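In the working numbering, the protein residues as written are 292 to 581.
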């Protein structure tokens, strides 16, 4: 019977302690309710304030989240001090500091992506809808969040990229400007007139609908002596989306080919001249029909 008496005595002590703490618990509950109301009010005020800014949606959500976390931490600290008067804000902060170090080591990559996401969101160079290229990945940015970004590749595959990769590696924004310069090489035979060939090529490029000629000159330079041709570097401007670039390149190449054919200008196949130091014996083989 002695163990039962001890157990009952402990239960009575616990009940007595709970009754003594009841006023503090009620006050703590009130503090938590007020904290919840303060979070709602802060989100509303912050949302109305941020609506008048040009910040991205994800960044606005981040500010609302950080404000909510800060208010909840303060409210819970006050509630804990009310229930347990022996606690002090300094001791609570010290405990949070030690815990933060441990959590920081455990979730290093998560925090790295989180901070990289904040920096990317503050930058306005890369926008949703832009076509980018990074570490061999090329596609359209469909979403930028705090931890990761979503890239839709041109073949329809969706790639989720941690923000730390976009932050630490060079990113080429293909659609940063509305237009891009495109270059192709075109070769004509050594027996053709260079100036006449240049004129034919330029007229063909100028006649393409996808080529932008407003303040953007078409440039055609004789670039090199190739193995079997004089090679021209043909440069023009078109719209910056990848599909626009491919369509423009297709249109220009087809137009240049037709123009050179119509002008009788040779686009040579690669050929090689063989020179022998000694006469090469040739033997004629008679066919069976002969």
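Just so you know, even glycine gets a beta-carbon here, dropped at the ideal spot from N, CA and C. All values derive from a computational prediction rather than experimental measurement.
Problem set entry | For residue 538, the nearest candidate out of 507, 502 and 315 (CA to CA) | 502
Exercise. Of the residues 422, 435, 354 and 325, which one's Cα is nearest the Cα of residue 534?
Worked result: 422
For this session: Below 8 Å on the Cβ atoms is my guess for residue 473 versus residue 546; work out the distance and round it to an integer in Å.
Result: In fact, because the Cβ distance is near 13 Å, the residues do not count as touching under 8 Å.
For this session: Indicate, with yes or no, if the ligand ATP has a heavy atom lying under 6 Å from the CB of residue 441.
Result: No copy of the ligand ATP appears in this structure; indeed no ligand is present at all.
Exercise. What do you get for residue 523, buried or exposed, if any count of 16 or more other CB atoms within 10 angstroms of its CB means buried?
Worked result: buried
Exercise. Which residue's Cα is closest to the Cα of residue 335: 355, 453, 494 and 323?
Worked result: 355
Problem set entry | 6 Å Cβ shell around residue 510 - same chain, five flanking residues per side excluded | 526
For this session: Determine the DSSP secondary structure at residue 441, reduced to helix, strand or coil.
Result: strand
For this session: Would you tell me roughly how many angstroms separate the C-alpha atoms of residue 550 and residue 558, rounded to the nearest one?
Result: 11 Å
Exercise. Just to confirm, are residue 417 and residue 464 a CB contact at a threshold of 7 Å?
Worked result: yes
For this session: State buried or exposed for residue 482, treating a residue as buried only when at least 16 other CB atoms are found within 10 Å of its CB.
Result: exposed
Problem set entry | Residues near residue 325 by beta carbon distance below 6 Å, same chain, minus five either side | none
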